[in-house]
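S.K.:
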Amino acid sequence: MTSSSTAPNPFPVPVAERLERGRQAAPQVFERMREAILSLALTPGTVLSRNALAAQYGVSSTPVRDALMRLEEEGLVEVFPQHATVVSAIDLTLARQAHFLRRSLELELVRDLSHAPDPRLIARLKACLAEQQALMEAQDVEAFAAADQVFHRHLYEAGQMQALWTLVRSRSGHIDRLRRLHLPTPGKAQNILQHHTWIVEAIAAGDSDRAQQHLRDHLSGTLAHVDEIRSRYPGYVRG
Numbered sequence: 147m148t149s150s151s152t153a154p155n156p157f158p159v160p161v162a163e164r165l166e167r168g169r170q171a172a173p174q175v176f177e178r179m180r181e182a183i184l185s186l187a188l189t190p191g192t193v194l195s196r197n198a199l200a201a202q203y204g205v206s207s208t209p210v211r212d213a214l215m216r217l218e219e220e221g222l223v224e225v226f227p228q229h230a231t232v233v234s235a236i237d238l239t240l241a242r243q244a245h246f247l248r249r250s251l252e253l254e255l256v257r258d259l260s261h262a263p264d265p266r267l268i269a270r271l272k273a274c275l276a277e278q279q280a281l282m283e284a285q286d287v288e289a290f291a292a293a294d295q296v297f298h299r300h301l302y303e304a305g306q307m308q309a310l311w312t313l314v315r316s317r318s319g320h321i322d323r324l325r326r327l328h329l330p331t332p333g334k335a336q337n338i339l340q341h342h343t344w345i346v347e348a349i350a351a352g353d354s355d356r357a358q359q360h361l362r363d364h365l366s367g368t369l370a371h372v373d374e375i376r377s378r379y380p381g382y383v384r385g
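In our numbering, the protein residues as written are 147 to 385.
Shown next, in the form of structure tokens:
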């Protein structure tokens, strides 16, 4: 069930997997639901039923409740007591804040990584580029989006900043959904791959200024098209 103000959902709804019971159930439910929200399989305005979700995932209501609480903390769902829980609209203020956080951190990361290029990192990043190229040619948007995240995660891992990647991920739900709406736009995937390629080349060459400029251009692409995205998906974006 979705709000009547939203556009039809063009994104595939995945079949839920039966999850493990016990203390691991809540984190698994959280990850499955979070991915469904970020991929737009669960669109803004979708009403979420605890009982239906528990039956879908084959768990009790407690893991579902705990997962919804975590999703509320990230701003991905809104809970109206005694009424309903719904997938939140994409909040542009939160999206811009997440963009600022990620840009600030990654500009410093690529600068540091460029000062002492690690051949092992360059090899990993080039493998990511090859995978993204294949996924782009296969027009596998979901897998391409996941590979995009892996590319950036490698930067944090190489800089020994894994905890910051976890922080960025927890704050990026709104900007990630905005990017997911923008990704199917003709030429967008090619643009992402090109910027990734330039970033890798600059890091490998030890050119921190060029690496930072390509990263800045790369991360700013979606926010520059907010009006276009809003017009294509009315009801999905607020602010």
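The beta-carbon is built from N, C-alpha and C at its ideal position, and this holds for glycine as well. This structure is a prediction, so every number in the text was calculated from the model and none was measured.
Should HIS328 and LYS334 be called a contact, given that it needs their Cβ atoms to be closer than 7 Å?
M.R.: yes
S.K.: May I have a chain-ordered list of the alpha helix (DSSP H) segments no shorter than 4 residues that lie completely inside the region 204 to 284?
M.R.: 207 to 219, 238 to 261, 265 to 283
S.K.: Does DSSP classify LEU188 as helix, strand or coil?
M.R.: coil
S.K.: According to DSSP, simplified to helix, strand and coil, what is LEU310?
M.R.: helix
S.K.: Buried or exposed for ALA348, going by 16 or more other Cβ atoms inside 10 Å?
M.R.: buried
S.K.: Considering only residues of the same chain and omitting the five flanking positions on each side of HIS245, which have a CB-CB separation below 7 Å?
M.R.: ILE321, LEU365, LEU369
S.K.: To the nearest angstrom, how far is the alpha carbon of TRP311 from that of VAL233?
M.R.: 24 Å
S.K.: What is the C-beta distance between LEU199 and VAL210, in whole angstroms, given that I count them as a contact (C-beta under 8 Å)?
M.R.: Their Cβ separation, rounded to whole angstroms, is 5 Å, which keeps LEU199 and VAL210 in contact under 8 Å.
S.K.: Identify the residues that DSSP records as bridge partners of LEU365: which are they?
M.R.: In DSSP, LEU365 forms no bridge with anything.
S.K.: Go ahead and pull the three-state DSSP assignment for LEU329.
M.R.: coil
S.K.: Is it buried or exposed for SER137, if we count other Cβ within 10 angstroms and need 16 for buried?
M.R.: Residue coverage of the chain in this structure runs from 147 to 385, which leaves residue 137 outside it and unanswerable.
S.K.: Three-state secondary structure (DSSP) at TRP344?
M.R.: helix
S.K.: Do you know offhand how far MET215's Cα is from THR192's?
M.R.: Rounded to whole angstroms, MET215 to THR192 spans 16 Å at the Cα level.
S.K.: Tell me, which residues are paired with ARG384 by DSSP?
M.R.: ASP237
S.K.: Given LEU267, which residues of its chain have a CB within under 6 Å of its CB, disregarding the five upstream and five downstream residues?
M.R.: ALA304
S.K.: Taking ASP353 as part of the alpha helix (DSSP H), name the residues at either end of that continuous run.
M.R.: Segment: none, ASP353 is in no alpha helix (DSSP H) and carries neither H nor E.
S.K.: Can you check whether the CB of GLY319 is closer than 7 Å to the CB of LEU222?
M.R.: yes
S.K.: Can you name, in chain order, every residue of its own chain whose Cβ lies under 7 Å from the Cβ of LEU361, other than the five neighbours on each side?
M.R.: Apart from the 5 residues on each side of it in sequence, LEU361 sits with its Cβ closer than 7 Å to the Cβ of GLU252, LEU253, VAL256, ILE345 in its chain, given in chain order.
S.K.: In chain order, what residues of the same chain have a beta carbon less than 6 Å from the beta carbon of LEU301, not counting five sequence neighbours either side?
M.R.: LEU255
S.K.: Report all residues from its chain with a CB closer than 8 Å to the CB of ALA293; omit the five preceding and five following residues, and keep chain order.
M.R.: CYS274, GLU277, GLN278, LEU281
S.K.: Answer yes or no: does any C-beta atom of chain B fall closer than 7 Å to that of PRO190?
M.R.: Looking for chain B here will not work: only one protein chain is present.
S.K.: Kindly indicate the opening and closing residues of the alpha helix (DSSP H) around TYR99.
M.R.: Outside the shown range of the chain (147 to 385) lies residue 99, about which nothing can therefore be said.
S.K.: Taking all protein chains shown into account, do 16 or more other C-beta atoms lie within 10 angstroms of the C-beta of SER260, making it buried, or fewer, making it exposed?
M.R.: buried
S.K.: Go through its chain and collect everything with a Cβ distance to ARG249's Cβ below 8 Å, but skip five positions before and after it.
M.R.: For ARG249, where only same-chain residues beyond five positions count, the Cβ hits under 8 Å are LEU361, ARG362, LEU365, SER366.
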